[in-house]
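Visitor: Input: one structure, supplied below.
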Amino acid sequence: MVFFWSGDIDLIREVLSLAKVILLSGSPRAKGNTMQVLSECAGVIEAEGLEAEVISLHGKNIRSCIACYKCKELGRC
């Protein structure tokens with residue numbers, strides 16, 4: 078999300094109150110140092126009143142697009 082400073086602090090607070098912070102871990106270790114750091118960061122973010130979610134990409138089946146266009150037919154990859 079990108080926004081420009083308008084000087085209206087109430088508007089800024091309102092926008093931030095709607096925000097959800099997503100922290101992505103690309104580490105190959107499911108419970109390694111990266112996840113520990115991101116969990117700590119999520120705690121600080123939540124202490125400030127924002128919603129935070131930590132997502133680990135470990136073990137996810139993520140592959141590159143091969144331009145088969147099945148997503149156009151099926152509505153999903």
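As numbered in the numbering used here, residues 78 to 154 make up the sequence shown, in order. Where a beta carbon is used, it is the ideal one built from N, C-alpha and C, also for glycine.
(1) Alpha carbons only, please: which of Gly120, Gly136, Arg90 and Lys137 is nearest the one belonging to Leu100?
(2) Identify which residue in Cys154, Ala107, Asp85 and Lys149 has its Cα closest to the Cα of Arg140.
(3) Check the C-beta distance from Phe150 over to Lys97 and give it rounded, since I have them as a contact under 8 Å.
(4) Counting only the same chain and skipping the five closest in sequence on each side, list residues whose C-beta sits under 8 Å from that of Ile132.
Guide: Based on what the coordinates show:
(1) Gly120
(2) Cys154
(3) As written in the sequence, residue 150 is Glu, which differs from the Phe given in the question. With a Cβ gap of about 32 Å, Glu150 and Lys97 do not count as contacting.
(4) Ile99, Leu100, Leu101 and Ser102
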